[in-house]
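This report refers to the structure that appears directly beneath it.
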Amino acid sequence: DAMVIQNPRYQVTQFGKPVTLSCSQTLNHNVMYWYQQKSSQAPKLLFHYYDKDFNNEADTPDNFQSRRPNTSFCFLDIRSPGLGDAAMYLCATSSGLSSTDTQYFGPGTRLTVL
Amino acid sequence: AQSVTQPDIHITVSEGASLELRCNYSYGATPYLFWYVQSPGQGLQLLLKYFSGDTLVQGIKGFEAEFKRSQSSFNLRKPSVHWSDAAEYFCAVGPYNNNDMRFGAGTRLTVKP
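So the protein sequences, as listed, match chains Y and R.
For the first sequence, the working numbering gives the first residue as 492, with consecutive numbering after it.
For the second sequence, the working numbering gives the first residue as 3, with consecutive numbering after it.
Printed below as a string of structure tokens:
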């Protein structure tokens, strides 16, 4: 039944050690999003893919990269995690980019940076 | 740019009591408005959305919300809260595009037995 799957659910990494978070979807949606949600804050969009087209938010740090090898999978790479990158990372999908296209969220990956 | 304010960080209600969660937005045009719920350990789930038409919107799980343009508000209501409604609730506002949607900081709901 799971439609948007995120692995792992919990990730611990060391300061400066690259880490990759994974998202997969069974909805065959065109759009995939990555959000960062820090404790007690609103989710903040980092970037999104429309098919293979990558769209970076203007204030997303260069430390964050993403890959989408096919429709089903999307990865978030953090090249050199800092303490400030500890957060919940949410993946979402939608069939299109219109606000009328509902976003479906995964359960998130909680990243801890030691 | 659009923004969303949820004035209440944490609300506690008794089971069976009514609930209203506040949401105020700032946006220069007609907004698209959303309420999402996030249960512990889960992703966000859409409760309801408003685009146009009837300003009272019905959602899932017995929730409703009313769009009041004059007050720039989109408050979420439920007549009788169940223990399973304990969660974090997020209001969001957007223009036409999903990638321009902005979330509020959330309201945590605790339900007392």
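Note that beta-carbon positions come from the ideal geometry of N, C-alpha and C, so glycine has one too.
Note that the coordinates shown come from a computational prediction; the quantities given were computed from them, not determined experimentally.
- Here the alpha carbon of residue 105/R sits roughly 25 Å from the alpha carbon of residue 511/Y.
- At a Cβ-Cβ threshold of 8 Å, residue 568/Y and residue 558/Y count as neighbours.
- Under the three-state reduction of DSSP output, residue 73/R falls in the helix class.
- At least one beta carbon of chain Y lies nearer than 8 Å to the beta carbon of residue 107/R.
- For the region 548 to 593 of chain Y, the full-length beta strand (DSSP E) segments reaching 3 residues or more read 555 to 558, 564 to 569, 578 to 585 along the chain.
- Uninterrupted alpha helix (DSSP H) stretches at least 4 residues long and entirely within the region 5 to 37 of chain R do not occur.
- Rounded to the nearest angstrom, the gap between the Cα atoms of residue 99/R and residue 600/Y is 25 Å.
- Per the DSSP secondary-structure output, residue 525/Y pairs in a beta bridge with 538/Y, 582/Y.
- Around residue 531/Y, the beta-carbon contacts reaching into chain R at under 9 Å are 11, 107, 108, 110.
- For residue 586/Y, no Cβ of chain R is located within less than 8 Å of the residue's own Cβ.
- Secondary structure at residue 96/R: strand, using DSSP grouped into helix, strand and coil.
- Per the coordinates, the alpha-carbon of residue 63/R lies some 11 Å from the alpha-carbon of residue 82/R.
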